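Colleague: Residue numbers (our numbering), protein chains in the order written: chain A, 2 to 72; chain B, 2 to 72; chain C, 2 to 72; chain D, 2 to 72; chain E, 2 to 72; chain F, 2 to 72; chain G, 2 to 72.
Questions regarding the structure given below will be posed in turn.
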Amino acid sequence: MIMPMKMLEENLNKHVALLLKDNRVLEGVLSGYDEYMNMVLDDVQESDEEVTRKLGTVIIRGSNVVRIVPR
Amino acid sequence: MIMPMKMLEENLNKHVALLLKDNRVLEGVLSGYDEYMNMVLDDVQESDEEVTRKLGTVIIRGSNVVRIVPR
Amino acid sequence: MIMPMKMLEENLNKHVALLLKDNRVLEGVLSGYDEYMNMVLDDVQESDEEVTRKLGTVIIRGSNVVRIVPR
Amino acid sequence: MIMPMKMLEENLNKHVALLLKDNRVLEGVLSGYDEYMNMVLDDVQESDEEVTRKLGTVIIRGSNVVRIVPR
Amino acid sequence: MIMPMKMLEENLNKHVALLLKDNRVLEGVLSGYDEYMNMVLDDVQESDEEVTRKLGTVIIRGSNVVRIVPR
Amino acid sequence: MIMPMKMLEENLNKHVALLLKDNRVLEGVLSGYDEYMNMVLDDVQESDEEVTRKLGTVIIRGSNVVRIVPR
Amino acid sequence: MIMPMKMLEENLNKHVALLLKDNRVLEGVLSGYDEYMNMVLDDVQESDEEVTRKLGTVIIRGSNVVRIVPR
Numbered sequence: 002m003i004m005p006m007k008m009l010e011e012n013l014n015k016h017v018a019l020l021l022k023d024n025r026v027l028e029g030v031l032s033g034y035d036e037y038m039n040m041v042l043d044d045v046q047e048s049d050e051e052v053t054r055k056l057g058t059v060i061i062r063g064s065n066v067v068r069i070v071p072r
Numbered sequence: 002m003i004m005p006m007k008m009l010e011e012n013l014n015k016h017v018a019l020l021l022k023d024n025r026v027l028e029g030v031l032s033g034y035d036e037y038m039n040m041v042l043d044d045v046q047e048s049d050e051e052v053t054r055k056l057g058t059v060i061i062r063g064s065n066v067v068r069i070v071p072r
Numbered sequence: 002m003i004m005p006m007k008m009l010e011e012n013l014n015k016h017v018a019l020l021l022k023d024n025r026v027l028e029g030v031l032s033g034y035d036e037y038m039n040m041v042l043d044d045v046q047e048s049d050e051e052v053t054r055k056l057g058t059v060i061i062r063g064s065n066v067v068r069i070v071p072r
Numbered sequence: 002m003i004m005p006m007k008m009l010e011e012n013l014n015k016h017v018a019l020l021l022k023d024n025r026v027l028e029g030v031l032s033g034y035d036e037y038m039n040m041v042l043d044d045v046q047e048s049d050e051e052v053t054r055k056l057g058t059v060i061i062r063g064s065n066v067v068r069i070v071p072r
Numbered sequence: 002m003i004m005p006m007k008m009l010e011e012n013l014n015k016h017v018a019l020l021l022k023d024n025r026v027l028e029g030v031l032s033g034y035d036e037y038m039n040m041v042l043d044d045v046q047e048s049d050e051e052v053t054r055k056l057g058t059v060i061i062r063g064s065n066v067v068r069i070v071p072r
Numbered sequence: 002m003i004m005p006m007k008m009l010e011e012n013l014n015k016h017v018a019l020l021l022k023d024n025r026v027l028e029g030v031l032s033g034y035d036e037y038m039n040m041v042l043d044d045v046q047e048s049d050e051e052v053t054r055k056l057g058t059v060i061i062r063g064s065n066v067v068r069i070v071p072r
Numbered sequence: 002m003i004m005p006m007k008m009l010e011e012n013l014n015k016h017v018a019l020l021l022k023d024n025r026v027l028e029g030v031l032s033g034y035d036e037y038m039n040m041v042l043d044d045v046q047e048s049d050e051e052v053t054r055k056l057g058t059v060i061i062r063g064s065n066v067v068r069i070v071p072r
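Right, here's the structure in full:
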């Protein structure tokens, strides 16, 4: 058994891909999170249906997160 | 009487299929969960209306979950 | 006066039909629930607008539930 | 001043019409409720845009309720 | 400074118009409310895009309320 | 650093424009608020895509608020 | 590890771009925030699909926030 929050901890400073509720995907290095699944990603590349853009550091509000995939 | 959380516990390390609110289906091995129904799945195969993809390990935010079917 | 949670208790091990917010209907035997209306159903037959499928045991997240009809 | 929960209490064992967020209307006898506005209705007749059906007893999750009209 | 809940109190037994999230408007006499903005209205006239109907007394679940206008 | 609630306090008895989630804009004098961002506005002029109307005093449920702009 | 709230603190008095759930983007100087991610931005320029407008100071309700990008 691994707790979801523990799984986030194991992915600190590693590449992850976040899917948000609006279908946006953010890929970057997980540099922080809290108990609401608010997250800080570094070196972010964001993709939606139309374009991909480089964003650098991004703070994500946890209520928008669908799933997190370690890369 | 079996509590829903107890049912999740009984499915640890077993195959489950998760239906999410956006109609995405994730099938994989349940390796963790918490009281919000946040979950960790391993060896995930994800399907939406268009495609199926292999994702490996996935952390799912519980607020997106509709139902869980043990396989 | 009968409390809604007491009504669920009285339907343990009996047939119920659950309507979910996405218009899915799950019929099966209520084998568990908790205070959030998370539920465990056995011998489930699920119907949406298009098809009916047999699912066996299903764990439902309570936030998706609209109404429960004892059969 | 009458508290909304007190108003529900005064309608116990009386006919009410519930409007839900998906525009479904349930008419029946209010036999129970709790502080989340979860409710138990008996002798329910349910109507949506297309049809009317008889459902007997129904447990409604309070988060779906828009308004209650005593009959 | 007047607290929103105090403003509701000042409108007890007076005419108000409630706008709900589904664009329904309920006009009536405010006879009760609680801290969730659940409300009891008397002598209600309800209007949506299509029709106006007389409803008598109505209990409204606060989570559906957008704004309240004293008349 | 200024806390958002402190910023509301500084705008008491001043003109503000509220944007709501349904794209409604309410302009008026902020005469009260609470910790949920429920608000009381006086001398309100409300605009949606179609019309502008004068409403006088309005109580707004905070959960509908997107942003507040001091005028 | 950097907590998301700590990341906000580090961006006080700096330029940030907020994406809201309705696809609105607000760019400005972060002058305050609280634990709900309610925020105060100064010198705001707001863009939606159609236009860009200057708003000065804006208070944003945190529940509308998707992501924050330090500039």
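Think of the CB as a built atom: it goes at the ideal place given N, C-alpha and C, for glycine as much as any other residue.
This structure is a prediction, so every number in the text was calculated from the model and none was measured.
Which term fits B:E47, buried or exposed, when burial requires 16 or more other beta carbons within 10 angstroms of its beta carbon?
Modeller: Flag for B:E47 reads buried.
Colleague: Would you please verify whether the beta carbon of G:T53 is less than 9 Å from any beta carbon of chain F?
Modeller: So no, G:T53 is outside the interface.
Colleague: Which residue wins for smallest C-alpha separation from D:V52, given the options D:V41, D:D35, D:L27, D:E36?
Modeller: For D:V52, the nearest C-alpha among the options comes from D:L27.
Colleague: Since I believe D:V67 is in contact with D:L9 (beta carbons under 8 Å), could you give me their beta-carbon distance rounded to a whole number of angstroms?
Modeller: Their Cβ separation, rounded to whole angstroms, is 15 Å, which puts D:L9 and D:V67 out of contact at 8 Å.
Colleague: Name the chain B residues that come within less than 7 Å of C:I60, Cβ to Cβ?
Modeller: Near C:I60 (Cβ distances below 7 Å), the residues of chain B are P5, M8, L9, R68, I69.
Colleague: Would you say G:G33 lies against chain A (beta-carbon separation less than 9 Å)?
Modeller: For G:G33, the answer is no, since every Cβ of chain A falls outside 9 Å of its Cβ.
Colleague: Helix, strand or coil: how does DSSP classify C:E56 here?
Modeller: First, the amino acid is wrong: residue 56 of chain C is Leu here, not Glu. Strand at C:L56.
Colleague: Are there 16 or more other CB atoms within 10 angstroms of the CB of G:M38, so buried, or fewer, so exposed?
Modeller: Buried is the call here.
Colleague: What does the Cβ neighbour count give for E:M40, buried or exposed, with the cut at 16 atoms within 10 Å?
Modeller: With 16 or more other Cβ atoms within 10 Å, it is buried.
Colleague: Counting C-beta neighbours from all protein chains within 10 Å, is the total for B:R62 16 or more, i.e. buried, or is it exposed?
Modeller: Answer is buried; the Cβ neighbour count reaches 16.
Colleague: Taking G:P71 as the reference, which of G:K7, G:I3, G:N12 has the closest Cα?
Modeller: G:P71 has its Cα closest to that of G:N12, out of G:K7, G:I3, G:N12.
Colleague: Have a look at C:E36, C:N24, C:A18 and flag the residue whose alpha-carbon is nearest the alpha-carbon of D:D49.
Modeller: It is C:N24.
Colleague: Any beta-carbon of chain A closer than 9 Å to the one on G:G29?
Modeller: Answer no: the Cβ-Cβ gap between G:G29 and chain A never drops below 9 Å.
Colleague: Pick out whichever of D:K22, D:L56, D:G33, D:M6 has its Cα sitting closest to the Cα of C:M2.
Modeller: Among D:K22, D:L56, D:G33, D:M6, the Cα nearest to that of C:M2 is on D:G33.
Colleague: On a Cα-Cα basis, can you pick out the residue from A:M4, A:D43, A:K22 that is closest to G:P5?
Modeller: For G:P5, the nearest C-alpha among the options comes from A:D43.
Colleague: So that I know if they touch, is there some Cβ in chain G lying closer than 9 Å to that of A:N65?
Modeller: Interface residue, yes.
Colleague: From D:K7 to F:T58, what distance separates their C-alpha atoms?
Modeller: C-alpha separation (whole angstroms): 28 Å.
Colleague: Kindly list the residues whose CB is nearer than 7 Å to the CB of B:R54, restricted to its own chain and excluding five residues on each side of it in sequence; keep chain order.
Modeller: Counting only Cβ-Cβ distances below 7 Å, and skipping sequence neighbours, we find E47.
Colleague: In whole angstroms, what is the alpha-carbon distance linking G:I69 and F:I69?
Modeller: Computed Cα separation, rounded: 18 Å.
Colleague: At which residues does the alpha helix (DSSP H) containing A:E1 begin and terminate?
Modeller: It is not possible to answer for residue 1 of chain A, since the shown part of chain A is limited to 2 through 72.
Colleague: Does chain G have any CB closer than 9 Å to the CB of F:K22?
Modeller: Chain G contact via Cβ: present.
Colleague: Could you tell me which residues DSSP pairs with A:R68 in its beta bridges?
Modeller: A:L20, B:I61, per the DSSP bridge assignment.
Colleague: Use the C-beta contact count for C:N14: other C-beta atoms within 10 angstroms, 16 or more gives buried, fewer gives exposed.
Modeller: Burial call: exposed.
Colleague: What residue from D:L56, D:L31, D:K22 has the CA that sits closest to D:S64's CA?
Modeller: Of the listed residues, the one whose Cα sits closest to D:S64 is D:K22.
Colleague: With 9 Å as the threshold, decide whether the Cβ of A:V41 is near any Cβ in chain G.
Modeller: It does: the Cβ of A:V41 has a partner Cβ on chain G nearer than 9 Å.
Colleague: Quick check on G:R25 - is its C-beta less than 9 Å from some C-beta in chain F?
Modeller: Yes, its Cβ sits closer than 9 Å to a Cβ of chain F.
Colleague: DSSP three-state call for A:Y37: helix, strand or coil?
Modeller: Coil.
Colleague: Between which residues of its own chain and D:G29 is the CB-CB distance below 6 Å, once the five residues before and five after are set aside?
Modeller: If we look at D:G29 and ignore the five residues flanking it on each side, its Cβ neighbours are L42, D43, D44, V45.
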